[in-house]
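Visitor: Dropping a structure here in structure tokens format, bear with me for questions.
Structure representation (structure tokens):
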């Protein structure tokens, strides 16, 4: 099939400058304006263009618009022709419109306006449509990837916040554990120190107890050699259980048999009172010891006969000397804190045959 010449930018270049083709309302060439060439070339162009239009009346965009105007068909009395043309040309218009806005380029417009073969133009438009769909698909995929990235960013930010909160909690827990470990260490040091102190206190108490026991043994040996203290069977000390008067006014702080520091038990009782209060003899007898003893401070011991002794320790001052006789109620010392006591206290014991006995049943009242 022979190609027919048609007017395009190259054909226009053959014309003389300052001249152009003149067309009618339907796009047919009807003449030229300007230029110095004769009418031969213009006549050939007009004839070629008319022959092209006769073969395909829709090669130009103006004719396409004209063919898509229903008023032209109604005026010509051929409405069915408009429908037939619309069905054919509507495809190209839809393709051109979709590609024009999808691709963002004007290549489809150029294809429609360059007046080339409509079959080739249709195929190229279809290709453009495929390209547009592929580009739209790629754009949709990119949008989906961007949405996934945004979601992952949000999840990552949430995870970072969770990890930061977890790290803060772990730091707080570590701080608490460190503080607890330090407190435990201090407590262990304190317990170790206390244990050592208790051990020292136990050793000291045992030494004091041993010193008192040694003193009592020595006193017993001395009393065995000395003249016996005269006692009347009617007023013997053994018969005074529940009849004695407390040696000092105050409060009972420790009782006989109670456990002291280090597991050592009290062999007597501890009475608290006012500093300098009078300490009185519980019964008549003879002073056999009046001096300082480690752990008991200023100590005075009275022999009541029949192997009974009464001991008064931690005194502030002693008023009787060894060998002096006392009667029940005599002031023999004053209350103090000698011997390392933290407050004014009196240590009181009753011994029979050198062994300590519970003094509480010997008094008239359960409290001083």
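In this note's numbering, the protein residues as written are 738 to 1105. Ideal Cβ positions, reconstructed from N, Cα and C, are used throughout, including at glycine. Because the structure is a prediction, the values reported are computed rather than measured.
Which residue wins for smallest C-alpha separation from residue 1073, given the options 870, 1035, 995?
Guide: As a first step, residue 1073 must be located in the chain shown, where it is residue number 336. With distances taken between Cα atoms, residue 1073 lies closest to 1035.
Visitor: What is the residue span of the alpha helix (DSSP H) that residue 933 lies within?
Guide: As a working note, residue 933 is residue 196 in the chain shown. 855–962 is the extent of the alpha helix (DSSP H) around residue 933.
Visitor: Using a Cβ-Cβ cut-off of 8 Å (strictly less than) and excluding sequence neighbours within five positions of residue 1043, which residues of its own chain qualify?
Guide: Counting from one through the chain shown, the residue named residue 1043 turns up at place 306. Excluding positions up to five away in sequence, the list reads 968, 973, 974, 975.
Visitor: Could you give the residue range of the beta strand (DSSP E) that holds residue 989?
Guide: Mapped onto the chain shown, residue 989 falls at position 252. Run containing residue 989: 988–991, per the beta strand (DSSP E) assignment.
Visitor: Return the CA-CA distance between residue 951 and residue 944, expressed in angstroms with no decimal places.
Guide: Looking up residue 951 in the chain shown gives position 214. Looking up residue 944 in the chain shown gives position 207. Roughly 10 Å between the two C-alpha positions.
Visitor: Which term fits residue 1041, buried or exposed, when burial requires 16 or more other beta carbons within 10 angstroms of its beta carbon?
Guide: Counted from its first residue, the chain shown places residue 1041 at position 304. Looking at its Cβ environment, which holds 16 or more other Cβ atoms inside 10 Å, residue 1041 is buried.
Visitor: Round the Cβ separation of residue 1005 and residue 993 to the nearest angstrom and send it over; I've been treating them as touching at under 8 Å.
Guide: Sequence index remark: in the chain shown, residue 1005 carries index 268 (1-based). Sequence index remark: in the chain shown, residue 993 carries index 256 (1-based). With a Cβ gap of about 6 Å, residue 1005 and residue 993 count as contacting.
Visitor: Which residues does DSSP list as the beta-bridge partners of residue 1025?
Guide: Here residue 1025 refers to the residue found at position 288 when the chain shown is read from its first residue. Answer by DSSP bridge pairing: none, since residue 1025 is not bridged.
Visitor: With the cut-off set at 8 Å, would you say residue 1016 and residue 1059 are in Cβ contact?
Guide: Stepping through the chain shown from its first residue, residue 1016 is reached at position 279. Stepping through the chain shown from its first residue, residue 1059 is reached at position 322. Their beta carbons are not under 8 Å apart, which means residue 1016 does not touch residue 1059 by this criterion.
Visitor: Report the CB separation of residue 985 from residue 1048 in whole angstroms; it is logged as a contact under 8 Å.
Guide: Counting from 1 along the chain shown, the entry for residue 985 is found at position 248. Counting from 1 along the chain shown, the entry for residue 1048 is found at position 311. Residue 985 to residue 1048, Cβ: 13 Å. No contact.
Visitor: Helix, strand or coil for residue 1093 per DSSP?
Guide: Counting from one through the chain shown, the residue named residue 1093 turns up at place 356. In this structure, residue 1093 counts as strand in the three-state DSSP scheme.
Visitor: State the DSSP-derived secondary structure class of residue 975, mapped to helix, strand or coil.
Guide: Looking up residue 975 in the chain shown gives position 238. Helix at residue 975.
Visitor: Under 7 Å Cβ to Cβ from residue 1077, same chain only, skipping five residues before and after it: list those, please.
Guide: As a working note, residue 1077 is residue 340 in the chain shown. Same-chain partners within the cutoff: there are none.
Visitor: Can you list, in chain order, the residues of its chain with a C-beta nearer than 6 Å to that of residue 1094? Leave out the 5 residues immediately preceding and following it.
Guide: By 1-based counting over the chain shown, the position of residue 1094 is 357. Excluding sequence neighbours, residue 1094 sits near 1087.
Visitor: So the candidates are 881, 1102, 996; which of them puts its Cα closest to the Cα of residue 942?
Guide: In the chain shown, residue 942 corresponds to position 205, counting from 1. Checked all of 881, 1102, 996; the closest Cα to residue 942 is 996.
Visitor: Of the choices 1023, 1022, 991, 1001, whose alpha-carbon is the least far from that of residue 1009?
Guide: For the purposes of this step, residue 1009 is taken as residue 272 along the chain shown, with counting starting at 1. Answer by Cα proximity: 991.
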